[in-house]
Amino acid sequence: MKRRDTRAALLFLSPWIVGFAVFTAWPILYSGYLSLTDYDVINDPAFIGFENYARLFSDPKVALALGNTLFFTAVQVPAYVIVSLALAVLLQQAGRASGFFRTVFFLPKMTPPVAVGILFLLLFNGQSGLFNAALGVVGIDGPSWTTDGSWVKPGLVIMSLWTVGSSVLILLAALRGVPEELYDSAKIDGAGSWRRLTSVTLPMISPALFFVVVVNTIAGLQTFDEAYTAFFGAGNTTYANDAALFYVIYLFQQAFEFLHMGYASAMAWLLFLIVMIVTAIQMVVSRRLVHYEGASR
């Protein structure tokens, strides 16, 4: 009976197993091989050892792109989490209207990233953009978001908040799972709103917060679509290109514009290593900050 159940399970899993092996595992392993070669897609790969990896440390654009990416991620992830949590708290108070607002908040997540990149150029135009027009109403002279290198990444961070919907829903579900008796006990002990938030709400939803932080950190380190569409699309030669040169954009250029496929593969493996290190650090830190109900300390 167990063998028959195992065979049935493997049969149902086989489409995913084959898809994973063909479209994920094999490309990953093959890219590891290509990272050790000089390959321009046209000619056969020529083995060169670790020269591509050595080149990574001498290429100034790798350092520039990596710095831009780390800065963007370090600013975007906290902003993303704070906005998501604030909207989730508001939704929790919305009562019957929460279903409508859940849909409203999630719909922007369905917007194609290319459309978001074009929308960024329209909304954040320094002369005629809607964002600067709104700032002008309150007496603030908005910067040149798309041409001033010092404002490009903050503008992209603000634009990324357009898609907080999925994180809002995750945090809303976590908030609704917090037992009401904990809040009642805190009120009896004289805890105010801020104390209830920091001592009850945040510890109880910390697993969901940790998940949102990890997922968005990985996504931030792989930022590509919106920035590429806005600043590196066909014929785009804006002055802010260097400020918007994220790591995956430079990797894409090396692979598909310059046909340095071996070098791009080495860049991909470096990014994989960085993601693994950052995630491992987050896992270690989570042992102190994340509370799992029923888990022993």
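Last residue of the sequence shown: number 297 in UniProt numbering, and the count goes up by one each step with no gaps. Using N, Cα and C, we set each Cβ at its ideal position, and we do this for glycine too.
Residue nearest to residue i in terms of C-alpha spacing, selected from the options
i	options	result
Ala-63	Val-248, Thr-229, Tyr-33, Ala-79	Val-248
Tyr-228	Leu-156, Arg-288, Leu-135, Ser-98	Leu-156
Ile-170	Pro-207, Leu-245, Phe-231, Ser-160	Pro-207
residue 331	Asp-148, Arg-287, Phe-252, Val-214	Absent from the model: residue 331. The displayed extent of the chain is 1 to 297, so no value can be given.
Glu-51	Thr-37, Pro-60, Val-41, Lys-61	Thr-37
Val-168	Thr-217, Ile-188, Ala-54, Thr-103	Thr-103
Gln-93	Tyr-250, Phe-12, Arg-176, Ile-274	Arg-176
Leu-87	Val-164, Ile-218, Tyr-263, Glu-226	Val-164
Thr-111	Tyr-263, Ile-140, Asp-225, Met-261	Asp-225
Glu-181	Trp-162, Thr-201, Trp-194, Ala-173	Thr-201
Thr-223	Val-77, Leu-29, Pro-15	Val-77
Gly-129	Ser-185, Leu-29, Thr-146	Thr-146
Ala-174	Arg-3, Leu-91, Gly-67, Leu-10	Leu-91
Ala-266	Val-83, Tyr-30, Asn-68	Tyr-30
Ile-277	Ser-84, Ser-193, Leu-221	Leu-221
Pro-45	Ser-35, Ala-9, Gly-95	Ser-35
Phe-272	Phe-47, Ile-28, Met-1, Lys-2	Ile-28
Ser-144	Ser-160, Val-138, Phe-120	Phe-120
Ala-115	Met-159, His-291, Phe-211	Met-159
Residue i classed as buried or exposed, judged by whether at least 16 other C-beta atoms fall within 10 angstroms
i	result
Leu-122	exposed
Tyr-80	buried
residue 375	As displayed, the chain neither begins before 1 nor continues past 297, which places residue 375 out of reach and without an answer.
Asn-43	exposed
Leu-13	exposed
Thr-24	exposed
Phe-258	exposed
Val-284	exposed
Phe-246	buried
Ala-268	buried
residue 301	Since the displayed the chain opens at 1 and closes at 297, residue 301 lies outside it and no answer follows.
Tyr-263	buried
Leu-11	exposed
Ala-9	exposed
Ser-185	exposed
Ser-84	buried
Rounded separation between residue i and residue j - CA only
i	j	result
Ser-98	Leu-289	30 angstroms
Ser-199	Gly-136	40 angstroms
Val-215	Ser-166	11 angstroms
Ile-218	Ile-188	41 angstroms
Arg-297	Ser-286	At Arg-297, the pLDDT of 45 sits below 50, so the modelled position is not reliable; the number obtained from the coordinates is stated separately. Their Cα atoms are separated by approximately 13 angstroms.
Ser-126	Trp-26	Strictly speaking, residue 126 in this sequence is Gly, with Ser absent from that position. Answer to the nearest angstrom: the Cα atoms are 46 angstroms apart.
Ala-133	Ile-274	39 angstroms
Phe-124	Val-22	42 angstroms
Val-89	Ile-281	28 angstroms
Ser-150	Asp-5	60 angstroms
His-260	Lys-61	15 angstroms
Ala-191	Phe-105	31 angstroms
Presumed contact (8 angstroms Cβ cut-off) between residue i and residue j, rounded CB distance
i	j	result
Gly-117	Ala-230	4 angstroms
Phe-71	Lys-153	6 angstroms
Pro-108	Trp-162	5 angstroms
Distance cut-off 8 angstroms: residue i Cβ against heavy atoms of the ligand COA
i	result
Ala-255	Among the components of this structure there are no ligands whatsoever, and the ligand COA is therefore not found.
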